[in-house]
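In what follows, a structure is listed as structure tokens, so that the remarks can point back to it.
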Amino acid sequence: MSYTNCIINVNAKVMRVYSTQGNDKLTTTGSPKESNFYGDGASIVIQDEGKQLLFTKTYCAAHSGAKMIEVIENGDFNSIQHIYQIFTDINFIKAVYYKIKSKPSFMTSGVDNKTINDLPINEHFFEQIVKEMKTEKYKPKETKRVLILKKNGKPRPLGIPTIKDRIIQQILKILLETIYDKTFCNYNHGYRPNKGPHTVAENLRTWYGISWFIEGDIVGYFDNIDHQLLMTIIKKKIKDQQVIDLVWKFLKAGVIIDGKKIKTEKGVPQGGVISPILSNIYLNEFDVYMQNLKKQIDTKKTSIPNPDYMKKKSKLRSVKIERKKAYQELRAIKSTLRIGAKIYYIRYADDWLIGIWGNKNTAKEILIQIEQFLMQKLKIVLTKEKTKITHAGKEKAKFLNLEINSPTPKKSFYTKTGPKKRASHVRLNLNMPYQQIKKDLMEKGFFNEIKGKWFINAITKWINYRHSEILYRYNWIIQGYLNYYSYVDNKYEFHKIIGYILKHSCALTLGRKYKLRSRKKVFNKFGANLKDPESGLELNIPDNFKKTVGKFNNKNKKMEPLKIVDWSMRTQHLLKGPCIGCGTTENLEIHHVKKLKNMKTKGKIGRIMSTLMRKQIPVCKKCHYMIHRGLYNKNNPL
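As structure tokens, this is what we get:
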């Protein structure tokens, strides 16, 4: 059937649409524009030669934003063709706002110089957003760009959107994550739900027999993403033109640098709400490429039995010689011969690592192929200084604050005269960067090292804090290190970092506060863990520093415990912990009280809150349960 000059009735609004042949589909996904054939997602009435045909969309606007997200996540139908309506659901917008309004970033102003406290957040505010989204008159403001210094002293550009733009970006982020996250390769562990540095470590524990590493880093990745290519990738899955238009608006919004507006021809602003998911969508093409490359290079067999070894072993039964000497000779021979090749790959944001079972030539060929793919297909280049091939047995690869190497086999694999017997099944060593952490602590003033001798320092800017606040800050640093590096093979090194440097620095800080002249007097007065007699808080130093085997916390993000040195007490994000009661940073909740009056008489937690002068404190789920049921003070008396 051919339809010409059809009349489509959409929500009592009449508009004229011109269609071609009968096989064409008329869809409605929002308020119509001149160039787009879509409406408000309601029923469509088509009149043709006196006949009336009714087309009803099963995914109409009756779905709320939350319901639409749930439907997309479940994959019940191809809803990604009609998804813009979640931006016009006032209840969904409110829910997103209430979820993110307490984040510290909402106290940072964008180009309008307004924080969350400066905006009139009321019903009219949300109605105005809905109106702008429905009429597609919403236009994001420019992103304010500031420079922050990285550890190496180089500046990193950080984009700060306005409050309204963050709310819309958060909705867009939820939508894009719901659509794309389930399609991402398992190699990707950056900026994803239930993924992080600990899942990276968990994956690295499965790498065996690695001979070479390729460490990769992309030059200014976030600032060099090609807009046209990114949108081409997005359009493969998202067919709703209104969503495409919205993404374009954010990409082309521009940035403000030193008061001047600069157009953004490429890149996504690092620090923006949607930047991580857009960067993942872009680099997923690289993950897919690596997946295919792995299939091409990996061989079914990576080792075969050594004929000489098997021949020698079979003769042991027939020859009557001393068994101990015979097995010593046998151990001097390789039991297997390495053949073929195998590659491992993992990525976190724009940093990636490849492990190779094979020779250096294989590693060189793989790196050349990767460089060509990234340059030709994604229009990005690798950093020459940070991209390198590393011998897994002689050097350490650096990835996500870890030092990674393949350890040398034990002495039992050697003989005085015979060749080395190689253990091809050796797993990787994952170590915390001991020397780097020492350097960081020295830069923050916790100690000095002169000719190999350590001189511990007090943090003098903390001496005016209460005893409990000083302990809280040191506990923050201690738990930050222990939680992030809970699984490392050299965790015993924390005996020196935590058990000596941080513990004695805390003692000296308290000594300066109470005008005690030596650490010995401080420990005699407050005990081995420097317990605060008023609140009962003390340093959370474990009895031992054994690594946790097979236990990984997927909620652990990037490790930055020393940031607290530059923070005031009020700028701490409470949900980052640690728990006031037991010191853990897992399963944290916020305990609230209405008044601090008489809190000193209400047990250990009450004394801590009164001493800290805070109505809100972080506690773990277990301690919170005990507090509300009156069990905490019974089980934790002073």
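In terms of our numbering, the sequence shown is numbered consecutively and its last residue is 638.
Note that beta-carbon positions come from the ideal geometry of N, C-alpha and C, so glycine has one too.
Can you tell me where the beta strand (DSSP E) holding residue i begins and where it ends?
{"i": "R156", "result": "155-160"}
{"i": "K453", "result": "453-456"}
{"i": "D217", "result": "212-217"}
{"i": "A392", "result": "Looking at the DSSP string, A392 is not in any beta strand (DSSP E), and its letter there is neither H nor E."}
{"i": "G190", "result": "No beta strand (DSSP E) holds G190; DSSP gives it neither H nor E."}
{"i": "Y97", "result": "Note, Y97: premise wrong, no beta strand (DSSP E); alpha helix (DSSP H) at 90-100."}
{"i": "D112", "result": "No beta strand (DSSP E) contains D112, which DSSP labels as neither H nor E."}
{"i": "I343", "result": "342-348"}
{"i": "R338", "result": "336-338"}
{"i": "Q85", "result": "Where Q85 is concerned, there is no enclosing beta strand (DSSP E), given that its DSSP letter is neither H nor E."}
{"i": "Y619", "result": "Before going further, note that residue 619 is Val rather than Tyr in the sequence given. Element bounds for V619: 616-620."}
{"i": "I590", "result": "588-592"}
Mind checking which residues open and close the alpha helix (DSSP H) that includes residue i?
{"i": "I277", "result": "275-297"}
{"i": "V71", "result": "65-74"}
{"i": "T108", "result": "Neither: T108 is in no alpha helix (DSSP H) and is coded neither H nor E."}
{"i": "E403", "result": "It is not in any alpha helix (DSSP H) - E403 instead sits in the beta strand (DSSP E) that spans 402-405."}
{"i": "G581", "result": "From DSSP, G581 is part of no alpha helix (DSSP H); its letter is neither H nor E."}
{"i": "W248", "result": "241-251"}
{"i": "L650", "result": "Residue 650 is absent from the structure shown; the chain starts at 1 and stops at 638."}
{"i": "L374", "result": "360-377"}
{"i": "E385", "result": "Where E385 is concerned, there is no enclosing alpha helix (DSSP H), given that its DSSP letter is neither H nor E."}
{"i": "I129", "result": "123-135"}
{"i": "K520", "result": "519-526"}
Quick test of your reading: residue i and residue j, contact by CB under 8 Å. State the CB separation rounded to the nearest angstrom.
{"i": "F213", "j": "L353", "result": "6 Å"}
{"i": "N306", "j": "S275", "result": "Not really, about 52 Å apart at Cβ, beyond 8 Å."}
{"i": "W476", "j": "P578", "result": "6 Å"}
{"i": "E215", "j": "T387", "result": "6 Å"}
{"i": "Y434", "j": "V200", "result": "With 8 Å as the limit, Y434 and V200 do not qualify as a contact, their Cβ atoms being about 20 Å apart."}
{"i": "R629", "j": "I564", "result": "With a Cβ gap of about 31 Å, R629 and I564 do not count as contacting."}
{"i": "R145", "j": "P157", "result": "5 Å"}
{"i": "K547", "j": "D489", "result": "7 Å"}
{"i": "Y191", "j": "I233", "result": "Actually they do not touch by this definition, with Cβ atoms about 17 Å apart."}
{"i": "I100", "j": "L176", "result": "In fact, because the Cβ distance is near 16 Å, the residues do not count as touching under 8 Å."}
{"i": "L441", "j": "I501", "result": "6 Å"}
Pull the bridge partners of residue i from the DSSP assignment, please.
{"i": "R145", "result": "G159"}
{"i": "I225", "result": "According to DSSP, I225 bridges with nothing at all."}
{"i": "K260", "result": "I257"}
{"i": "Y208", "result": "R427"}
{"i": "G355", "result": "F213, Y344"}
{"i": "I304", "result": "L337"}
{"i": "F399", "result": "L402"}
If you measure between the beta carbons of residue i and residue j, is that distance less than 8 Å?
{"i": "S211", "j": "A95", "result": "no"}
{"i": "Q639", "j": "Y84", "result": "Lying before the first or after the last residue shown, residue 639 is absent from the chain, which here runs from 1 to 638."}
{"i": "L251", "j": "V273", "result": "no"}
{"i": "P618", "j": "I590", "result": "yes"}
{"i": "I167", "j": "V130", "result": "no"}
{"i": "I404", "j": "L204", "result": "yes"}
{"i": "D217", "j": "D118", "result": "no"}
{"i": "G445", "j": "N457", "result": "yes"}
{"i": "K491", "j": "F545", "result": "yes"}
{"i": "Y485", "j": "F552", "result": "no"}
{"i": "T143", "j": "D112", "result": "no"}
{"i": "I463", "j": "Y221", "result": "no"}
{"i": "S303", "j": "R331", "result": "no"}
{"i": "L539", "j": "K503", "result": "yes"}
{"i": "Y345", "j": "Y187", "result": "yes"}
{"i": "T108", "j": "I72", "result": "no"}
{"i": "K266", "j": "I297", "result": "no"}
{"i": "L530", "j": "L510", "result": "yes"}
{"i": "M133", "j": "F184", "result": "no"}
{"i": "H467", "j": "E385", "result": "no"}
{"i": "L588", "j": "M609", "result": "no"}
{"i": "I497", "j": "I580", "result": "no"}
{"i": "F92", "j": "G65", "result": "yes"}
{"i": "K261", "j": "G271", "result": "no"}
{"i": "P640", "j": "K263", "result": "Given that the chain is displayed from residue 1 to residue 638, the structure contains no residue 640 and the question cannot be resolved."}
Answer yes or no: does any C-beta atom of chain B fall closer than 8 Å to that of residue i?
{"i": "K249", "result": "The structure shown contains no chain B; it holds only a single protein chain."}
Counting only runs of 3+ residues fully inside the segment 433-489, write out the beta strand (DSSP E) ranges in chain order. Note on the segment 433-489: whole beta strand (DSSP E) runs with a minimum of 3 residues are 447-450, 453-456, in chain order.
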